[in-house]
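See below for the structure under consideration.
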Amino acid sequence: MKSITLILVTVLLMLQSFSQPKTKKAIFIIVDGIPSDVIEKLKLPNLQAIAKVGGYAKALVGGEKGGYNQTPTISAVGYNSVLTGVWVNKHNVWGNDIKAPNYNYPTIFKLLKEQSPQKKIAVFSSWLDNRTKLVGDGLPQTGAIHVDHHVDGLEKDTIRFPHDRLSAYMHKIDEHVADEAAAYIKSDAPDLSWVYLEYTDDMGHRYGDGPEFYQAIEYADAQVGRIWESIQYRQKNFNEDWLLVITTDHGRDSATGKGHGGQSPREKSGWIFTNATNLNDHFKENKSSIVDIMPTIARFMNITVPQPVSREVDGVPLIGKLSITDPKVVVENGNATIRWKAVDKKGKVKIYVATSNNVKTGGADEYNLLKTVAVGKEEVSVSLKDVPSAFYKFVLEGKGNVVGRWVVGEKKLGLLRFNL
1 MKSITLILVT VLLMLQSFSQ PKTKKAIFII VDGIPSDVIE KLKLPNLQAI AKVGGYAKAL
61 VGGEKGGYNQ TPTISAVGYN SVLTGVWVNK HNVWGNDIKA PNYNYPTIFK LLKEQSPQKK
121 IAVFSSWLDN RTKLVGDGLP QTGAIHVDHH VDGLEKDTIR FPHDRLSAYM HKIDEHVADE
181 AAAYIKSDAP DLSWVYLEYT DDMGHRYGDG PEFYQAIEYA DAQVGRIWES IQYRQKNFNE
241 DWLLVITTDH GRDSATGKGH GGQSPREKSG WIFTNATNLN DHFKENKSSI VDIMPTIARF
301 MNITVPQPVS REVDGVPLIG KLSITDPKVV VENGNATIRW KAVDKKGKVK IYVATSNNVK
361 TGGADEYNLL KTVAVGKEEV SVSLKDVPSA FYKFVLEGKG NVVGRWVVGE KKLGLLRFNL
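Residue numbering for the sequence shown follows my numbering, beginning at 1 and increasing consecutively.
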């Protein structure tokens with residue numbers, strides 16, 4: 001009788017557990033320096049298995065060529081665009097020296113910790129600066145955000161990982177990073193994690209396009225696979241729902257494949273693999289960019305993005321419904337012509353403008369509502385005669401999401417230079 005009672009209690013507890021909403025957890029992995037043409041031609045069973053669950057798409061890196069948000073296709077610059085959801089004109093990381101990040105544009109880690117301090121975050125990386133400078137672990141500028149678990153700085157450990165001429169030590173570091181991430185996710189399941197794998201970029205710089213570079217990518221695929229196995233274990237054995245996003249920070253030059261940093265199509269050719277199942281058309285039509293990852297994680301984890309932040313974010317969520325994408329603005333002779341793509345033809349879009357950039361220094365911008373129009377109209381002209389300026393921030397707010405556009409120029413005969 002006691003055994004029957006025990007079985008019934010166990011079953012009831014299990015039913016109660018699985019009737020509860022699943023805990024949302026997310027992890028993003030940056031595999032350094034792989035253009036989309038290479039990732040698409042190799043046999044990468046783990047990445048391809050993840051794509052079968054969710055999807056794969058090309059993704060822009062480096063902002064808009066010739067535009068106000070053009071961004072160097074350099075590693076740390078790309079990492080910070082993933083973390084913050086904004087391009088370099090805002091986050092201010094222009095190179096790998098990470099001289100002066102503008103922490104007024106918060107990372108996804110900071111947003112999570114501000115709203116849910118009890119939730120755990122983790123960083124697994126060869127490169128110490130990813131945690132200490134980009135995430136800003138313990139810095140007063142980030143509100144002394146605390147990374148609960150980290151495995152990093154291994155490039156400085158020349159005892160365990162003695163440096164060699166061919167950089168094989170970096171492969172060993174990536175193996176260790178991936179193993180540590182897989183083990184910790186399986187055992188402790190932090191709420192939000194970042195894994196960074198470097199060896200691919202090292203081999204790209206050393207050999208360019210060729211077998212050594214391709215082998216490094218295959219190694220990375222196996223490393224991602226071990227992490228994916230831990231996620232699947234958690235989803236099977238715990239009441240958890242996981243989002244996995246894998247991306248890259250930049251492509252490579254077309255001539256040799258050894259360089260990057262410029263604005264050539266191949267240097268800007270990023271990509272995203274994900275297990276997300278409710279991907280929207282913005283993703284499916286290959287219109288995404290790496291700045292879309294931050295708002296995607298926020299939406300998945302139900303992290304509220306405060307209005308002042310959402311008006312600065314350059315990306316849009318890759319999951320769920322969107323109202324508007326692709327804002328474009330032309331300012332001429334005291335008028336603005338504003339265009340957008342209506343994803344959801346129903347509802348309204350509110351169009352705001354500000355003429356300051358106080359967010360850059362930690363302040364707030366005052367936005368004026370210019371007009372409210374049907375979202376399906378996809379174009380409107382408004383007068384700016386009451387708000388003359390050499391700088392405008394336009395924000396379009398729909399039911400499903402927010403998009404923004406800057407116009408930067410000089411007041412000269414009522415004409416402002418603009419970037420489409």
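C-beta atoms are modelled at their ideal positions from N, C-alpha and C, and glycine is treated no differently.
Residue j beta carbon less than 9 Å from that of residue i
| i | j | result |
| --- | --- | --- |
| V88 | T71 | yes |
| V135 | I29 | no |
| N335 | V382 | yes |
| L243 | I27 | yes |
| N104 | W406 | no |
| I34 | I217 | yes |
| L396 | K350 | yes |
| I50 | T274 | yes |
| S356 | D344 | no |
| A354 | N368 | yes |
| P306 | N280 | no |
| L197 | A178 | yes |
| V387 | T247 | no |
| A181 | S230 | yes |
| V313 | G85 | yes |
| V329 | F394 | yes |
| K341 | E378 | yes |
| L42 | Y214 | yes |
| K133 | P101 | yes |
| G398 | S289 | no |
Simplified DSSP state of residue i, which is helix, strand or coil
| i | result |
| --- | --- |
| N368 | strand |
| G400 | coil |
| H437 | There is simply no residue 437 to check, as the chain begins at 1 and stops at 420 in what is shown. |
| G136 | coil |
| I290 | helix |
| V407 | strand |
| S193 | strand |
| V313 | coil |
| K172 | helix |
| V177 | helix |
| F394 | strand |
| V375 | helix |
| D326 | strand |
| S187 | helix |
| F28 | strand |
| T361 | helix |
| F213 | helix |
| T23 | strand |
Distance, residue j Cα to residue i Cα
| i | j | result |
| --- | --- | --- |
| N96 | Y79 | 10 Å |
| G400 | A144 | 32 Å |
| P211 | H176 | 23 Å |
| L15 | N239 | Legend: pLDDT at L15 = 49, less than 50; position of this residue unreliable, value from coordinates given subsequently. Straight-line Cα distance between these residues: approximately 11 Å. |
| D202 | S167 | 7 Å |
| G409 | S126 | 41 Å |
| V224 | I303 | 25 Å |
| W271 | Y233 | 26 Å |
| R131 | D152 | 8 Å |
| T256 | Y207 | 9 Å |
| G376 | E285 | 20 Å |
| V380 | V359 | 27 Å |
| D157 | H149 | 18 Å |
| S269 | K90 | 21 Å |
| K287 | A57 | 8 Å |
| N237 | S187 | 11 Å |
| D32 | T73 | 11 Å |
| Q118 | I108 | 15 Å |
| H282 | V403 | 13 Å |
| K24 | V331 | 43 Å |
| K120 | A390 | 44 Å |
| Y352 | N92 | 25 Å |
| R311 | D209 | 40 Å |
| T361 | T142 | 14 Å |
Run through the region 31 to 116 for me and flag every whole beta strand (DSSP E) of 3 or more residues, listed as ranges in chain order.
55 to 60
Entirely within the region 215 to 246 and at least 3 residues each: give me those beta strand (DSSP E) ranges in chain order.
none
Do the region 109 to 123 and the region 187 to 194 meet, that is, are 3 or more Cβ pairs less than 8 Å apart?
yes
For the region 329 to 359, list the alpha helix (DSSP H) runs that are entirely contained and at least 4 residues long, ordered along the chain.
none
Does the count of Cβ pairs from the region 288 to 300 and the region 258 to 267 closer than 8 Å reach three?
no
At 3 residues or longer, what runs of the beta strand (DSSP E) sit wholly inside the region 253 to 308?
269 to 274
Is the region 246 to 258 touching the region 60 to 69, taking contact as three or more C-beta pairs under 8 Å?
yes
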